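Data first, discussion second: the structure below is written as structure tokens.
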Amino acid sequence: MTTVVPVVPDHPAFDQVAGLFDAYRVHYGQPSSPARTASWLRDQLAQHRLAAAAAIRGDQVCGFITVATMPASLRLGTAWSIRDLYVAADHRRTGVARALLHHAILGARVAGARRVSLQTETDNSPALKLYTAIGFTPVAGLDLLNLTLDPLPRDPRDTA
Ligand SMILES: CC(C)(COP(=O)(O)OP(=O)(O)OC[C@H]1O[C@@H](n2cnc3c(N)ncnc32)[C@H](O)[C@@H]1OP(=O)(O)O)[C@@H](O)C(=O)NCCC(=O)NCCS
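Quick note: the sequence shown, position 47, residue 47 per UniProt numbering, numbers continuous.
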């Protein structure tokens, strides 16, 4: 049986979620850094910049999802943005991601959000099949644009 539970930093499953989050970062080409990942995730959750839920089977975390709440300015409401979704390789194709998405969508409905949005790579066909099977549709007429920011030079007088 799969149970989906919200995870906060003092949840007993937090360390396992952080470990899986590190595997997710590695999946996307980042170097493994378990301690920094756990610290970053703890901070995001504590500051309510992200909310996370974990899929648990027995005593094992087999997947997680994170969401951020965004203002939906034109309609004066809120929209939920799914930021991260990952299922451990040995638990895939058994409905874990579907359960995590339904949990997030129900949370958005209950909170009165206007929509749930997400983005994925154009060649991520497992994710695209999953999202379209659940009812997500591509947004026509919008491009995603980034401006990469270099860090500001440090003030040499700053010794902190
Ligand atoms: C994409 C991912 C989250 C799917 O997780 P999952 O738990 O295996 O997905 P589910 O078992 O809930 O699949 C639900 C449906 O999605 C579709 N689907 C999922 N994986 C698929 C695959 N590899 N090929 C084709 N369809 C797939 C199917 O329609 C599936 O239903 P079915 O099994 O009844 O045919 C998982 O493969 C993963 O973590 N990938 C790496 C990280 C990633 O890509 N995250 C999403 C980034 S936005």
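The beta carbon of each residue, even a glycine, is placed where N, CA and C say it ideally should be. Since the model is a prediction, treat every value here as computed from it, not as a measurement.
Closest by C-alpha distance to GLU121, out of LYS129, ARG57, ARG114, is LYS129.
Beta-bridge annotation (DSSP): ARG57 is paired with GLN60. The C-beta distance from PHE14 to PHE64 rounds to 10 Å, too long to meet the 8 Å contact threshold. In the displayed model, SER33 falls within coil according to three-state DSSP, outside both helix and strand. A direct Cα-to-Cα measurement between TRP40 and ILE105 gives close to 25 Å. Distances taken from the Cβ of THR94 to the heavy atoms of ligand 1 include one shorter than 7 Å. Of all alpha-carbon atoms in ILE82, ARG157, ARG92, the one lying nearest the alpha-carbon of ALA113 is that of ILE82. In the three-state reduction of the DSSP assignment, PRO6 falls in the strand class. Check the Cα spacing between ALA133 and each of HIS102, VAL61, GLN60: the tightest is with HIS102.
Between the alpha carbons of ALA46 and VAL5 lies a gap of roughly 17 Å.
Secondary-structure assignment with DSSP links TRP40 through no beta bridge to anything. Between the beta-carbon of VAL7 and that of ALA53 there is about 6 Å, and that keeps the pair under the 8 Å contact cut.
Relative to ligand 1, HIS102 has its C-beta separated by 7 Å or more from all heavy atoms. The Cβ atoms of ALA55 and ALA99 lie closer than 8 Å to each other.
In this structure, the straight-line span from the alpha carbon of GLN119 to that of ALA35 is close to 27 Å.
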